[in-house]
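Participant: Before anything else, here's the structure in question.
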Amino acid sequence: MPEPTPLPSLTLNHPVPVPADAAVYTGISTDHYPWTEVTADLAVRQSQEFSGVFDAWQGPRWARFVWTRGALLGGFTRAGQGLSWAAATQGLPRASVSLTELSPSLSDLLWSTRAAQARALPGAWPDPRAALERERFHGLLISGPHCSFWSSGRVLGGALPLVGATCQVYSQNTEANRDALLAFWQELLGRIHRAVSLDATWRQVTVRLAEQHPCLDPFAQDVHLGEGVLSVDDEVTVDEFRPALVAALEATLARLGQRLIDLPVTDLRDRPEWMAAGLEAR
Numbered sequence: 006m007p008e009p010t011p012l013p014s015l016t017l018n019h020p021v022p023v024p025a026d027a028a029v030y031t032g033i034s035t036d037h038y039p040w041t042e043v044t045a046d047l048a049v050r051q052s053q054e055f056s057g058v059f060d061a062w063q064g065p066r067w068a069r070f071v072w073t074r075g076a077l078l079g080g081f082t083r084a085g086q087g088l089s090w091a092a093a094t095q096g097l098p099r100a101s102v103s104l105t106e107l108s109p110s111l112s113d114l115l116w117s118t119r120a121a122q123a124r125a126l127p128g129a130w131p132d133p134r135a136a137l138e139r140e141r142f143h144g145l146l147i148s149g150p151h152c153s154f155w156s157s158g159r160v161l162g163g164a165l166p167l168v169g170a171t172c173q174v175y176s177q178n179t180e181a182n183r184d185a186l187l188a189f190w191q192e193l194l195g196r197i198h199r200a201v202s203l204d205a206t207w208r209q210v211t212v213r214l215a216e217q218h219p220c221l222d223p224f225a226q227d228v229h230l231g232e233g234v235l236s237v238d239d240e241v242t243v244d245e246f247r248p249a250l251v252a253a254l255e256a257t258l259a260r261l262g263q264r265l266i267d268l269p270v271t272d273l274r275d276r277p278e279w280m281a282a283g284l285e286a287r
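Everything in the sequence shown is counted per the numbering used here, starting at 6 for the first residue and increasing by one.
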């Protein structure tokens, strides 16, 4: 599959390039590999817990389907618009198709950012890297044909930008997704608090963390947790409150001797906000 050139848009209007080192096949025409055989092959792979991405394109039209551990997460096209398998096979009858195996973490990341909003990074690469690591960035970093996959401020795979290049990031952690992120954190902390009281320990750790995350200053109460109820001032940005909440939760649970995986929140792990928070490995 030729490397697509990203468009300067708010949402992803192209299938971002994935690491090609684990390609199963690339650019095969359905004239020679019919859709019926493609479908049968993917069904077998799904039964074998395949994780990866399938791409089909015909002229300017394209479709992408993503699997994680044998589960089909779904299909999409421009701007994250959902697409069924039947619609793809009918709408792209003479397609070129590619299949690439990916780790489950990369597959999950591709799926969770399918309709993410773009944010241009200031400066040129690698100047923004320190900020991405500090804010525990979770999403895609794109510059021209180069796309890298990030979680919790670490590079999981893909190709980093060239030195001196300008970049865009695509993530669920944006102001456009603020309400969903805040609702997720309110539910998460509320549930944890019902299992183990957080308030007193939370106050202790936020005093210590306030220098690194000013929104946690317990006197200003821009971010406040009381009786398990989280409130965040409207003027506190997502870039401020998300890494602050992650740091505060980690420190609080560590001091309480609790592990997130042992608390009654495991059903929240399927939410894209869980992955966007960098909680997927905890």
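Quick reminder that beta carbons are idealized off the backbone N, C-alpha and C, glycines included. Quantities reported herein were computed from a predicted structural model and do not represent experimental measurements.
Suppose the cutoff is 6 Å on Cβ atoms and the five residues either side in sequence are ignored; what does the same chain contact list for A28 look like?
Facilitator: Here the set comprises T105.
Participant: Have a look at F224 and S236 and give me their C-alpha separation to the nearest angstrom.
Facilitator: Those two C-alpha atoms are separated by around 14 Å.
Participant: Throw me the rounded Cβ distance for the G57 and L107 pair, which I believe falls under 8 Å.
Facilitator: That pair is a contact at about 5 Å.
Participant: For D272 versus G231, is the C-beta distance shorter than 8 Å?
Facilitator: No; because the gap between Cβ atoms is not below 8 Å, this pair is not in contact.
Participant: Near G128, what residues of its chain come up, given a Cβ to Cβ distance below 6 Å and the 5 sequence neighbours on each side ignored?
Facilitator: Closer than 6 Å at the Cβ level, and outside the excluded window around G128, lies no residue.
Participant: Mapping DSSP to helix, strand and coil, what is C172?
Facilitator: Residue state, collapsed to three classes: coil.
Participant: Out of curiosity, what's the CA-to-CA distance linking A84 and C172?
Facilitator: Rounded to whole angstroms, A84 to C172 spans 19 Å at the Cα level.
Participant: Might you give, ordered along the chain, the residues of its own chain that have their beta carbon closer than 7 Å to the beta carbon of A68, omitting 5 neighbours on each side?
Facilitator: A61, G80, T82, L88, A93 and L97, listed in sequence order.
Participant: By the three-class DSSP mapping on this structure, what secondary structure does E54 have?
Facilitator: Looking at E54 - three-state DSSP - the assignment turns out to be coil, as it is neither helix nor strand.
Participant: From A185 to V243, what distance separates their C-alpha atoms?
Facilitator: Taking the straight line joining both Cα atoms gives about 11 Å.
Participant: Answer with buried or exposed for P39, where buried requires no fewer than 16 other C-beta atoms within 10 angstroms of its C-beta.
Facilitator: That one is exposed.
Participant: Between which two residues does the beta strand (DSSP E) holding W155 run?
Facilitator: Segment H151 to S156, the beta strand (DSSP E) holding W155.
Participant: For R287, which residues from the same chain have a beta carbon less than 6 Å from its beta carbon, with the 5 sequence-adjacent residues on both sides left out?
Facilitator: Per-residue confidence for R287 stands at a pLDDT of 47, beneath the threshold of 50, marking its modelled position as unreliable; the derived number appears in the next sentence. So the list reads L265, once near-sequence residues are dropped.
Participant: Using a threshold of 8 Å, state whether the C-beta atoms of F142 and S112 are closer than that.
Facilitator: No, they are not a contact pair.
Participant: Check Q63 in the structure and name its three-state DSSP category.
Facilitator: Three-state result, Q63: strand.
Participant: Helix, strand or coil: which one does DSSP assign to E232?
Facilitator: If DSSP states are grouped into helix, strand and coil, E232 belongs with coil.
Participant: Using a Cβ-Cβ cut-off of 6 Å (strictly less than) and excluding sequence neighbours within five positions of S148, which residues of its own chain qualify?
Facilitator: Taken in chain order, the residues that qualify are P166, A170 and C172.
Participant: Along the chain, which unbroken stretches of the alpha helix (DSSP H) at least 4 residues long are found entirely within the region 186-214?
Facilitator: With a minimum length of 4 residues, the continuous alpha helix (DSSP H) runs that stay inside the region 186-214 are 204-214.
Participant: State the start and end residues of the unbroken alpha helix (DSSP H) segment that holds Q95.
Facilitator: Unbroken alpha helix (DSSP H) run through Q95: W90 to G96.
Participant: Which residue comes first and which comes last in the beta strand (DSSP E) that contains R288?
Facilitator: No answer is possible for residue 288: it lies beyond the span of the chain, which begins at 6 and ends at 287.
Participant: Note down the Cα distance separating S202 from D46, rounded to an integer number of angstroms.
Facilitator: Using only the alpha carbons, I get a separation of about 50 Å.
Participant: Below 8 Å between beta carbons: does that hold for P248 and E180?
Facilitator: No, the Cβ-Cβ distance between P248 and E180 is not below 8 Å.
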